[in-house]
Each structure stands twice: as C-alpha cells, then as structure tokens.
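Chemist:
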Amino acid sequence: MTPREELTTAVQTAVGASPVSPAPLPAAPVEILAAPAAGESVLARVRAGLGEFTGALQRVAELILADPAAAARSTIVELAERSGTSPATVTRFCRALGFVGYAEMRLAIAGETGRAARTGGWTMDIGREIQPTDPLERVLGQIMAADTQSMHDTAALLDLSEVERAAEAIARANRVDIYGQGGSALVGGEMQFCLHRIGVAAWAWTDVHNGLASSALLKGGDVALGVSHSGQARETVEMIAEASSRGATTIALTSFPRSPLAEVADIVLLTATQATTFRPDALSARHPQLVVLDLLYIAVAQRTHERAHAAFSVTAQAVAGHRSASGKEAS
Numbered sequence: 064m065t066p067r068e069e070l071t072t073a074v075q076t077a078v079g080a081s082p083v084s085p086a087p088l089p090a091a092p093v094e095i096l097a098a099p100a101a102g103e104s105v106l107a108r109v110r111a112g113l114g115e116f117t118g119a120l121q122r123v124a125e126l127i128l129a130d131p132a133a134a135a136r137s138t139i140v141e142l143a144e145r146s147g148t149s150p151a152t153v154t155r156f157c158r159a160l161g162f163v164g165y166a167e168m169r170l171a172i173a174g175e176t177g178r179a180a181r182t183g184g185w186t187m188d189i190g191r192e193i194q195p196t197d198p199l200e201r202v203l204g205q206i207m208a209a210d211t212q213s214m215h216d217t218a219a220l221l222d223l224s225e226v227e228r229a230a231e232a233i234a235r236a237n238r239v240d241i242y243g244q245g246g247s248a249l250v251g252g253e254m255q256f257c258l259h260r261i262g263v264a265a266w267a268w269t270d271v272h273n274g275l276a277s278s279a280l281l282k283g284g285d286v287a288l289g290v291s292h293s294g295q296a297r298e299t300v301e302m303i304a305e306a307s308s309r310g311a312t313t314i315a316l317t318s319f320p321r322s323p324l325a326e327v328a329d330i331v332l333l334t335a336t337q338a339t340t341f342r343p344d345a346l347s348a349r350h351p352q353l354v355v356l357d358l359l360y361i362a363v364a365q366r367t368h369e370r371a372h373a374a375f376s377v378t379a380q381a382v383a384g385h386r387s388a389s390g391k392e393a394s
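Heads up: the sequence shown runs through residues 64 to 394, numbered per the numbering used here.
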C-alpha cells in the first residue's frame, strides 16, 4: 500500500468509514435474444443486429463479420483486444445473441465457417471487391455465392409460424394494401400481381400521399404489408402505422427485427442478407425478400385453393388469345 493509500485508509478509519472502491458504471442494457435454433446462422444474427448494436458491442460485431474464421480461432481475450473492448463486453455480446457464453458462440461460428469452407471454397470469399479485369465466370460465381448464402440464412432465420399467421390473415382479408419505397416497391408490386392472380383484392402503393389515404380507409379484416430491408423507410412506417390504427392486420417484411417497421407491425417476416462490396445491402435483400413473399403467396393459394384455382382458370382464358403457339405470352 502506498503512503497516500495508507493515509486515506487511516482517515476513513478515524471517521468510522470503510475503505471502498469506486462503483463501476452500469453497463448499457442489451436486449437478450432467444437461443439460436438448430441450423440458424449465427453470422446472419450478427448481421441483422449490426445496425442496432452501439459502441463497444458494435465493434465486436464488425470484427466478427469482417473475418468470422479468425474470430472462431480467437480466445475471448484476443477478440476483446482486437476489437478494442474487454472480455466482459464480449460476454455481453454473446448473451445478447442468445448464447450462454463465449465458448458456445465461438463453437457456432467455427461450425458455420467450417461448413462454408468445405462447401464453397473460394466462391465463399465474397468480401473481396470484384475487379474490372475479373472474368465473367468469377463474377457469376461471386454473385451466386452471395445469393445462395443469403437464401440459406433467410431459410434458417424465418419463423414459419409467422408466415402461417400472415397467410391466414391474407386469405381471410377483404383487401390487402402493400407499401414500399424504391427497390422495395418493386418487390411489393410483384406480390400484388401474384395475389391478384389468385383472386385476392390487393393494391400496391408507392406514393406516400395515396398510400396514407388508402391505409386510412382500411379496417378490421383488412391487411397491410410493408416492405423495407432496413425497416427505417419513414413513408412505409407511416403507412403501416396508419393502417394499424384503423384496425387492419399489419405485416412487416424486413431484415431488422427491432426496426421501427417491425415495432409497429403485428407480424414480422425476417430476411437475411449477405454483405458484399459489389452490391448494397438493400439490393442484396431483393432475392431473399422475393423468396419469402413467394412462400407467403403459395401459402395463401393453399388456403384459398378453390378460389385460386378458379381465378387461374378465368385469367388464363382471358389472355389465351394473346399467347403464342408455344403457349407463352406474346411480347
């Protein structure tokens, strides 16, 4: 004990106080997720929460995503040092993802990166930017690897009970309004076309004024579906919130479970994206979004089989005169 510490202790003893250490500052609260399901991608979980982690937790997430294989080989102390945090922060990060501790998360990442190495080889190296001189064969491999991984991650992340709830609501709905902005509007328009073909009264809205006017006229028994990769599109959130206030069942299709869009929706359908340097996240989300909506569309058709079958028949008959001899629609 230093002379200063001895003096401080003596003074505290004289006044009847016990020497104490400064109380540590409380850690920021972290929402604890449920434990990952069997086969669920831990990297997809990290990627989905990247925009919601803050400070030290975000640094841990970014380090893991930058080099998952290296993270799987690191001890908790090494990972903390490389991310500029502490072992306690890494432990908090693990628990925020639903793991008991670091050993469990490390094992999950190791298993996932090991599978990727065995099945993908160099094609899984999608983090390297495509160079202007790269042959198209390699470019195609990069794109296919990214899309294939995002499909697998989405399948593991998607809650099929939520898809069933959404399908039941749409199958019973008097009308369905679909909202999206930018690229999400294209995805929403595809869903509107599919539902329309099986006799579901569906509209797709991209203009916020028209969309808000329509959502204000919805009521109980109607459905509103909002599409937004980030879940941050203000116009889409506003239209879904308006529909919810009128009693409609609301559905969100997003990659972020704690985004504003997910918060205002009754049913949340999650997609996963595979981050690349050659394509923005919103564009990377397009194919997983279409897969989830295809699944939802088929689930609705199953629940309205007779109506869907009749609708297919009459619509096919209506356009029969505009089909070519091969049976395809003439362009």
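Ideal Cβ positions, reconstructed from N, Cα and C, are used throughout, including at glycine. Since we're looking at a predicted model, the values are computed, not measured.
(1) Along the chain, where does the alpha helix (DSSP H) containing Asp357 start, and where does it finish?
(2) Can you check the region 221-255 for any beta strand (DSSP E) of at least 3 residues that lies completely inside it and give the ranges in chain order?
(3) What do you get for Met302, buried or exposed, if any count of 16 or more other CB atoms within 10 angstroms of its CB means buried?
(4) Judging by CA-CA distance, which residue of Glu305, Ala371 and Ser149 is the nearest neighbour of Val140?
(5) Could you check whether Gln255 and Ile233 sit closer than 8 Å to each other, using their CB atoms as the reference points?
(6) Between the alpha carbons of Arg369 and Leu258, how many angstroms are there, rounded?
(7) Quick one: is Ser376 buried, meaning 16 or more other Cβ sit within 10 Å of its Cβ, or exposed?
(8) Can you give the beta carbon distance from Val355 to Leu316, rounded, assuming they're within the 8 Å contact cut?
(9) Kindly indicate which three-state DSSP category Ile261 falls into: helix, strand or coil?
(10) Would you report the Cα separation of Gly147 and Thr367, rounded to the nearest angstrom?
(11) With a 10 Å radius around its C-beta and 16 neighbouring C-beta atoms as the bar for buried, classify Glu125 as buried or exposed.
(12) Below 8 Å between beta carbons: does that hold for Asp216 and Ser322?
(13) Hey, out of Asp329, Gly262 and Gly283, whose CA is closest to Gly289's CA?
(14) Run through DSSP, which three-state label would Val290 get?
Modeler: In terms of the structure at hand:
(1) Translated into the one-based positions of the sequence shown, residue 357 becomes position 294. Its alpha helix (DSSP H) spans residues Arg349 to Arg366.
(2) 239-243
(3) By one-based count along the sequence shown, residue 302 stands at place 239. Result: buried.
(4) Indexing the sequence shown from 1 puts residue 140 at position 77. Ranking the options by Cα distance to Val140, first place goes to Ser149.
(5) If you number the sequence shown from 1, residue 233 lands on position 170. If you number the sequence shown from 1, residue 255 lands on position 192. No, the Cβ-Cβ distance between Ile233 and Gln255 is not below 8 Å.
(6) Here residue 369 refers to the residue found at position 306 when the sequence shown is read from its first residue. Here residue 258 refers to the residue found at position 195 when the sequence shown is read from its first residue. Residue identity differs from the one stated: residue 369 is Glu in this sequence, not Arg. Going by the C-alpha atoms only, they are around 14 Å apart.
(7) Here the question's residue 376 lines up with position 313 in the sequence shown. Exposed, since its Cβ has fewer than 16 Cβ neighbours within 10 Å.
(8) As a working note, residue 355 is residue 292 in the sequence shown. As a working note, residue 316 is residue 253 in the sequence shown. Rounded, the Cβ-Cβ distance is 6 Å, consistent with contact.
(9) Within the sequence shown, numbered from 1, the residue matching residue 261 stands at position 198. Of the three classes helix, strand and coil, the one that applies to Ile261 here is coil, per DSSP.
(10) Counted from its first residue, the sequence shown places residue 147 at position 84. Counted from its first residue, the sequence shown places residue 367 at position 304. So the alpha carbons of these two residues sit roughly 55 Å apart.
(11) Sequence index remark: in the sequence shown, residue 125 carries index 62 (1-based). So Glu125 ends up on the exposed side.
(12) Reading the sequence shown from its first residue, position 153 is the one you call residue 216. Reading the sequence shown from its first residue, position 259 is the one you call residue 322. For Asp216 and Ser322, no; Cβs fall outside 8 Å.
(13) The residue given as residue 289 occupies position 226 in the sequence shown. Closest option to Gly289, Cα to Cα, is Asp329.
(14) Counted from its first residue, the sequence shown places residue 290 at position 227. In this structure, Val290 counts as strand in the three-state DSSP scheme.
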